[in-house]
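Report on one structure; see the data block that follows.
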Amino acid sequence: MTNKRIPAMPARRWFGLRPGSPRAERRRRRPHGRAVTAAAIAILAAWAVVAIAAPLLAPHDPLQQAGPYYTPPSSAHWLGTDQLGRDILSRIIYGARLSLPLAVIIVALALLLGGGIGLIAGYLGKWADESLMRLTDLVFAFPPIILAMVVTAAFGPSARNAVLALVLVSWPTYARVVRSAVLSIRGSDFLHASRLLGVGPWRALVRDVLPNSVGPSVVLASLELGNAVLMLASLSFLGLGPRPPAPEWGAMIAAGASDLSKWWVSIVPGIAILTTVLAFNLLGDAVRDWLDPTAARASADRRHRDRRKVGPPPARTQPVTAPEPQAAPLLDIRGLSVALPGPAGPLPVIKNLDLRVDAGEIVGIAGESGSGKSLTALTLLNLLPPGARVNGSIMFQGKELTELDARGWQRVRGSGIAMVFQESAAALHPMLTVGLQLTEHLRAAQGMSKAAARARAVELLDQVRIPQPRRALRAYPHQFSGGMRQRIAIASALACRPRLLIADEPTTALDVTVQAGILALLDELRRDNDLSVLFITHDLGVLSSLTQRAYVFYAGRVMESGGTAEVLTQPAHPYTSALLGARPHGLSTERTLRAIPGAPVVPGQEPPGCPFEPRCAYARDECRTGPPPVEATSTDRTLACVVAPDLAAAR
Amino acid sequence: MTNDTAATNHTAVGPAGLPAWDRAPVRLSIEDVYVDYRPRGRGVVRAVAGVDLNVAAGEVVGLVGESGCGKSSLARVAAGLSAPSSGTVRFDGAPVAPLGWQRRPTAQTRLQMIFQDPGGSLNSRRTVGAQLLDGVGDELPAAAREQRLAELLDRVGMPAEASTRFPHEFSGGQRQRLAIARALAAEPELIIADEPVTALDASAQAQVVSLLLSLVRELNMGLLFISHDLALVHEIADRTAVMYLGKIIETAPTRQLMAAPVHPYTRALVGAIPQISAAPRLPAVLRGEVPDPSRAPSGCRFRPRCPHAAEVCLTEPPLRHTLHTLVACHRAEEIAAATEEEM
């Protein structure tokens, strides 16, 4: 094994890009953006060639008279001559030699100066931060071009002074960007960890802070190149740039500005400025997309919406003519398979799922992350990401959900199925009062009057045991504790009187004493309102105390299902047993923690046989041939394991 | 001050007269520590209000409490990430210097910390190996460093190839193991683990907890294991302290604490753990909510939520030895007697 470290790191890594990310995929999907970027690069490359090869390309000396004054474009002077009879084409070509390198120098110096100041301010903090940031405030207080004018006027117009003036006005932006990046890193655990290991503060600055904070300022710099060209031209236009007779584009515009009948004198340098600034800006956008893909993702997603594919519902396994003896279940999922779009084709994430929820029942789904339990919930609300494929049947209150159109789904989501998430804060708007959020929802969905909606909101908050519900309506979400926010989120979910509430790890982020309150509330809501709950959790203790029936998920499949008490006290599947063993037992006197070897299956990399086989202590050859069939072992219990019957016999 | 007291002479009797858990030398001693914050417009928030706690070599001390009880503030101060508002933290007898503009003295790099979020505690821009080597002396020859790297990774059950890879290439549980390996690079005598498995899945949790426990036993390290999950702490800690609103309200050997909790808050915490059973019941609900630390109640801080509150609770209860535990409750004996009668 070699110990090649940072040198092996490609530039993109440095800016936080992960090899193998779907980013390349996304870019391929945006041919339009790519063509624009290519055009921008082509324009800039052309200008660069012009600048480098100026002596070869220019037909005349840019500083010497080459013909009569003010000749319009002709075969002798393609772009005409100026007020001193100099060839404009040659001056434009030589101008590229001036403008482009100066713009790069301005941006580079501003990035170095501003970045350095931001780095020091953010890292030192306290007085250094205070004073340096007040300095940036001071510079920001002046309009940049005015400040640049004052500086060049004071030191005399020259290319060097123009560059210095523009660096002086543009560094604070970089300082601020770098400082805020540094501030977020200063509080990060990885910096603390390396300091605790004895890494000195300056070494940590170079190793840990710098690489994590340059990304945003590099993006900013690429966007600022265009601006630098423009500002430099502006200064020259005002006579504060490189001294005449230097062929500066802004100064050339100024020469023609006094007499617009000699249009070619100003138009041509104007076009030169326009093309370079535009190309720099487009390139900056591309660099930003490349380094920070969130901006690009939004547009790509929009394009992909409404391409969700729903396969034909399969034949029901039971003939419709033979009705079941009991009342039909509220929710009946049969043979559900879901595949998400992946880089190498559809990625199956839920495989052949059968699941039932009866009226007034709390049903649990247990499993580790990536087992497909949250995706099952999203499928039931048609909230899967674009491009997902759904096959199978989902009957809810006798209706086939997979056949619904957008409007039908809206009805189901409003008054049929509601959902509560783990992050209750995410479900509530931080800037609006709780009352407004609850009543808006009621008025929009049910057409209630303002007063009626308010009354119902108070009733809902009372139902979820929020003390002083009338006062709570006037408060903002952040004024409540996590437990109270989760109660408000439940109230909001109950607003349209759903029959089924999907609760996706609603207590995972809460403390145990707060969790106890939420569990009691859900049970109460079930009893009093005849509400059914599909409760998703990874905590088998919660599963045991709240749910009546349970499904144990692994790698998108149900490993075992049945009455919760039975499944958890007499587990038949080795995976259920392993999960139980890996769980702290709380009151038992023995320490019994037994880790499950290995890691959960990554979607798309499932073994050919039983997904748990590589981690299973009881795996046999037949486990490796194909996924185990789901078999009913009693009236209300299923099991997907070929070894389990032998294990039970041996016990 | 006895800064230069040799660690071996310093036995496990703390300033508050904590019982000697063990005859092993005290590694970490937290003495009457207060931590105050001054957030804008909220006055002074006292996150930690006078805590004494010792951790001896080879001992696992659990620190349990719910969010906002001050356990993370205490962890940061104990590790030297920030300075206490008053009180002292000693490591091997010498005061822990908060991180500043100097390199941390080598003696204090033997005090390490493991953080909750394994994604945020590793630098995503550097290879795992480079980060592990931060804790290995620069003076070692390259071959020895290489070998040490392989050793460290092997210790936490990771392949040696992991050193050339970047943190994001690993799962959460693996990253936490790498973070542990990095802490081990400094050959720590004591590790402070602040909610080290909270962000992990059940199977990864068990792996990481088992790993920590085996390291403590094999390397004779001390471990301060901070968690909100009492059931989890029960699996690992020899002794457990329960924190409520900035104060420790009960300390006892873990098994005893779980089997016979004395303080009403400890009882509520134990009662709220959802249990697996053939005859399931919902966990017991504790009334009220944790108050804002800037407006902590006078007297006993648990009083407004306590089912046993009485007039005597208007004065602050001291931590005292009773019923084989160290508890801050005026009515501990009465409550215990009443519970016995019920049974």
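For the record, the sequence lines run as chains H and G. Using this note's numbering, you'd call the opening residue of the first sequence number 4 and step up by one each time. Using this note's numbering, you'd call the opening residue of the second sequence number 874 and step up by one each time. For each residue, glycine too, the CB sits at the ideal point set by N, CA and C.
### Query
With respect to the beta strand (DSSP E) encompassing G:Gln985, which residues constitute its N-terminal and C-terminal limits?
Within the second sequence, residue 985 of chain G is the residue found at index 112, counting from 1. 984-987 is the extent of the beta strand (DSSP E) around G:Gln985.
### Query
Roughly how many angstroms lie between the CA atoms of H:Leu208 and H:Pro245, to the nearest whole one?
Indexing the first sequence from 1 puts residue 208 of chain H at position 205. Indexing the first sequence from 1 puts residue 245 of chain H at position 242. H:Leu208 and H:Pro245: Cα-Cα distance of roughly 39 Å.
### Query
In the DSSP assignment, what residue or residues form a beta bridge with H:Pro351?
The residue you call residue 351 of chain H lines up with position 348 of the first sequence. Under DSSP, H:Pro351 shares a beta bridge with H:Ala342.
### Query
Per DSSP, which one or two residues make a beta bridge with G:Lys1120?
Residue numbering aside, residue 1120 of chain G sits at position 247 when the second sequence is read from its first letter. Residue pairing by DSSP puts G:Lys1120 in a beta bridge opposite G:Tyr1117.
### Query
H:Phe193 touches chain G at which residues, Cβ-Cβ below 7 Å?
Taking the first sequence and counting its residues from 1, one reaches residue 193 of chain H at position 190. Within 7 Å of the CB of H:Phe193, the CB atoms of chain G belong to Gly993, Ser994, Leu995, Asn996, in sequence order along the chain.
### Task
Tell me whether G:Asn927 is buried or exposed, calling it buried when 16 or more other Cβ atoms sit within 10 Å of its Cβ.
Taking the second sequence and counting its residues from 1, one reaches residue 927 of chain G at position 54. It is buried - the Cβ of G:Asn927 has at least 16 other Cβ atoms within 10 Å.
### Range covered by the beta strand (DSSP E) that runs through G:Tyr910
Position 37 of the second sequence, counted from the first residue, corresponds to residue 910 of chain G. Residues 899-910.
### Task
Rank H:Pro610, H:Leu524, H:Thr641, H:Ala42 by C-alpha distance to the C-alpha of G:Pro1156 and give the top, closest one.
On the second sequence, residue 1156 of chain G is found 283 positions in, with the first residue counted as 1. Across the set H:Pro610, H:Leu524, H:Thr641, H:Ala42, the C-alpha of H:Leu524 shows the shortest separation from the C-alpha of G:Pro1156.
### Task
Quick one: list the residues of chain H neighbouring G:His1101, beta-carbon separation under 9 Å, in chain order.
To locate residue 1101 of chain G, count along the second sequence from 1; it is residue 228. Those within 9 Å of G:His1101 in chain H are Asp514, Val515.
#### Entry: Proximal residues of chain H, C-beta to C-beta of G:Gln1080 below 7 Å
The sequence position of residue 1080 of chain G within the second sequence is 207, counting from 1. Per Cβ cutoff of 7 Å: Ala598.
### Query
Nearest to H:Thr571 by CA position, among H:Arg560, H:Leu549, H:Ala558, is which residue?
Start at 1 with the first residue of the first sequence, and residue 571 of chain H comes out as number 568. According to the sequence displayed, residue 571 of chain H carries Leu and not Thr. H:Leu571 has its Cα closest to that of H:Leu549, out of H:Arg560, H:Leu549, H:Ala558.
### Message
Can you confirm whether the segment 492-507 of chain H touches the segment 405-422 of chain H when touching is taken to mean that 3 or more C-beta pairs between the two stretches lie within less than 8 Å?
### Response
Touching, yes, given that three or more Cβ pairs across the two stretches are closer than 8 Å.
#### Entry: G:Pro968 in three-state terms, based on DSSP
In the second sequence, residue 968 of chain G corresponds to position 95, counting from 1. Strand.
### Query
Of all the residues that make up the segment 200-221 of chain H, which are near chain G by a beta-carbon distance shorter than 8 Å?
Along the segment 200-221 of chain H, the positions whose C-beta sits under 8 Å from a C-beta of chain G are Leu200, Gly201, Val202, Gly203, Pro204, Arg210, Asp211, Pro214, Asn215, read in chain order.
### Message
Between which residues of its own chain and G:Leu1142 is the CB-CB distance below 6 Å, once the five residues before and five after are set aside?
### Response
What you label residue 1142 of chain G is simply residue 269 of the second sequence in a count that begins at 1. Leu1103, listed in sequence order.
### Query
Using the beta-carbon count (16 or more within 10 Å), is H:Lys402 buried or exposed?
What you label residue 402 of chain H is simply residue 399 of the first sequence in a count that begins at 1. Flag for H:Lys402 reads exposed.
### Query
Which residues of chain G have a Cβ atom closer than 9 Å to the Cβ of H:Ala568, listed in chain order?
Numbered from 1 along the first sequence, position 565 holds the residue referred to as residue 568 of chain H. Residues of chain G passing the Cβ test: Ile1149, Ser1150, Ala1151, Ala1152, Pro1153.
### 8 Å CB neighbourhood of H:Ala156 in its chain, flanking five on each side removed
Residue 156 of chain H sits at position 153 when you count from the first residue of the first sequence. Here the set comprises Leu243.
### Query
When burial is assigned at 16 or more other CB atoms within 10 Å of the CB, is H:Pro472 buried or exposed?
Position 469 of the first sequence, counted from the first residue, corresponds to residue 472 of chain H. Flag for H:Pro472 reads buried.
### Task
Would you kindly work out how many angstroms separate the C-alpha atoms of H:Arg32 and H:Ala289, rounded to a whole number?
Position 29 of the first sequence, counting from 1, holds the residue named residue 32 of chain H. Position 286 of the first sequence, counting from 1, holds the residue named residue 289 of chain H. In this prediction, H:Arg32 has a pLDDT of 45, which is less than 50 and means its spatial position is unreliable; what the coordinates show is noted afterwards. Rounded to whole angstroms, H:Arg32 to H:Ala289 spans 14 Å at the Cα level.
### Query
H:Glu371 touches chain G at which residues, Cβ-Cβ below 7 Å?
Counting from one through the first sequence, the residue named residue 371 of chain H turns up at place 368. For a Cβ distance threshold of 7 Å, residue set Asp1074, Ala1075, Ser1076 of chain G lies close to H:Glu371, ordered along the chain.
### Task
Anything in chain G within Cβ reach of H:Leu543, meaning under 9 Å, just list it in chain order.
For the purposes of this step, residue 543 of chain H is taken as the residue at position 540 of the first sequence. What H:Leu543 touches in chain G: Ala1075, Pro1147, Ile1149.
### Task
Examine chain G for any beta-carbon lying closer than 9 Å to the beta-carbon of H:Gln425, and answer yes or no.
If you number the first sequence from 1, residue 425 of chain H lands on position 422. No, H:Gln425 lies away from the interface with chain G (no Cβ there is under 9 Å from its Cβ).
#### Entry: the segment 1194-1209 of chain G / the segment 944-959 of chain G touching (three or more Cβ pairs under 8 Å)
Taking one beta carbon from each stretch, the segment 1194-1209 of chain G and the segment 944-959 of chain G have fewer than 3 pairs nearer than 8 Å; the two do not touch.
### Under the three-state DSSP convention, the category H:Ala643 falls into
One-based indexing of the first sequence puts residue 643 of chain H at position 640. Of the three classes helix, strand and coil, the one that applies to H:Ala643 here is coil, per DSSP.
### Query
If you follow the alpha helix (DSSP H) that H:Phe158 is part of, which residue opens it and which one closes it?
In the first sequence, counting from the first residue as 1, residue 158 of chain H sits at position 155. Bounds of the alpha helix (DSSP H) holding H:Phe158 are 147-158.
#### Entry: Interface flag, H:Met136 vs chain G, CB-CB below 9 Å
Taking the first residue of the first sequence as position 1, residue 136 of chain H is located at position 133. The Cβ of H:Met136 sits no closer than 9 Å to any Cβ of chain G.
### Query
Given that a residue counts as buried once 16 or more other Cβ atoms are within 10 Å of its Cβ, and exposed if not, what is H:His3?
Residue 3 of chain H is absent from the model: chain H starts at 4 and stops at 654.
### Query
For H:Gly565, which residues does DSSP report across the bridge?
Counting from one through the first sequence, the residue named residue 565 of chain H turns up at place 562. Residue pairing from DSSP places H:Gly565 in a beta bridge opposite H:Ala553.
#### Entry: G:Tyr1138 vs G:Phe1175 beta-carbon contact at 9 Å
To locate residue 1138 of chain G, count along the second sequence from 1; it is residue 265. To locate residue 1175 of chain G, count along the second sequence from 1; it is residue 302. With contacts defined by Cβ atoms closer than 9 Å, G:Tyr1138 and G:Phe1175 form a contacting pair.
### Task
Rank H:Ala506, H:Phe615, H:Thr510 by C-alpha distance to the C-alpha of H:Phe556 and give the top, closest one.
Start at 1 with the first residue of the first sequence, and residue 556 of chain H comes out as number 553. Among H:Ala506, H:Phe615, H:Thr510, the Cα nearest to that of H:Phe556 is on H:Phe615.
### Interface partners of H:Thr572 on chain G, CB under 8 Å
On the first sequence, position 569 is the one that residue 572 of chain H refers to. Result: Ile1149, Ser1150, Ala1151.
### Query
The beta strand (DSSP E) with G:His1194 in it runs from where to where?
Within the second sequence, residue 1194 of chain G is the residue found at index 321, counting from 1. That run of the beta strand (DSSP E) goes 1193-1195.
### Query
G:Met1094 versus chain H: which residues are under 9 Å apart at the beta carbon?
What you label residue 1094 of chain G is simply residue 221 of the second sequence in a count that begins at 1. Correct list: empty, because the minimum Cβ distance to chain H is about 15 Å.
### Query
Any idea what DSSP makes of G:Ala1104, helix, strand or coil?
On the second sequence, position 231 is the one that residue 1104 of chain G refers to. Annotated three-state conformation of G:Ala1104 is helix, per DSSP.
### Task
Evaluate contact between the segment 334-345 of chain H and the segment 397-417 of chain H, counting only Cβ atoms and requiring at least three cross-stretch pairs below 8 Å.
In this structure the segment 334-345 of chain H touches the segment 397-417 of chain H; the number of beta carbon pairs closer than 8 Å is three or more.
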